[in-house]
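Below is one structure, written out as C-alpha cells; comments come after it.
Residue numbers (mature numbering (1 follows the signal peptide of the UniProt record, and there is no 0)): -19 to -1, 1 to 100.
See the structure below:
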C-alpha cells in the first residue's frame, strides 16, 4: 500500500472491538511526502504543537513505524488491550489497511489489536 495515499480519519471501531487507544480524535491529512496527524480534541499533548508531521516508514512489508518529523519519536502503544499510546524512542510497527474511502485501520500485528480513537 502506498502511504502517500493515506488521507482521512483513523478508523473508529465499535465499543466491543479489542483495541489499543490513541487518546483524542485524530485525522491524517496529506502534505506532500509527509502526513500530518492533527489532534482535533486537545486531549493528547506531545512536545510540539499541532498539527504535527508524522512519517509512515515501511520497516517490513506492509508494516509501518509512525515517527514524528520534528522530535523523531514514534507512536508506541505496547500490545496490551486498553493501553494508552504515547510518544516513544522505541518504534512499534503497525499494519495500515484502507477499509473504505479515506478510512484506515492501524493494526498492531503481534496482538492483533487495533489502534483507535476514543472520542
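For every residue, glycine included, the Cβ atom is placed at its ideal position computed from N, Cα and C.
Residue i lies in the beta strand (DSSP E); which residues open and close that run?
i	result
residue 69	67 to 69
Grouping DSSP H, G and I as helix and E and B as strand, with all else coil, what is residue i?
i	result
residue 49	strand
residue 76	strand
residue 39	strand
residue 61	coil
residue 91	coil
residue 96	strand
Taking the straight line between their C-alpha atoms, what separation do you get for residue i and residue j?
i	j	result
residue 37	residue 93	19 Å
residue -12	residue 86	Summary for residue -12: the model assigns pLDDT 32, below 50, so the residue's position carries little reliability, and this model does not support an answer.
residue 76	residue 57	13 Å
residue 61	residue 55	17 Å
residue 95	residue 73	13 Å
residue 43	residue 63	24 Å
residue 53	residue 39	15 Å
residue 68	residue 78	22 Å
residue 88	residue 66	13 Å
residue 48	residue 41	15 Å
residue 91	residue 70	19 Å
Pull up the CB-CB distance for residue i and residue j, whole angstroms please, since I reckon it's below 8 Å.
i	j	result
residue 35	residue 59	In fact, because the Cβ distance is near 19 Å, the residues do not count as touching under 8 Å.
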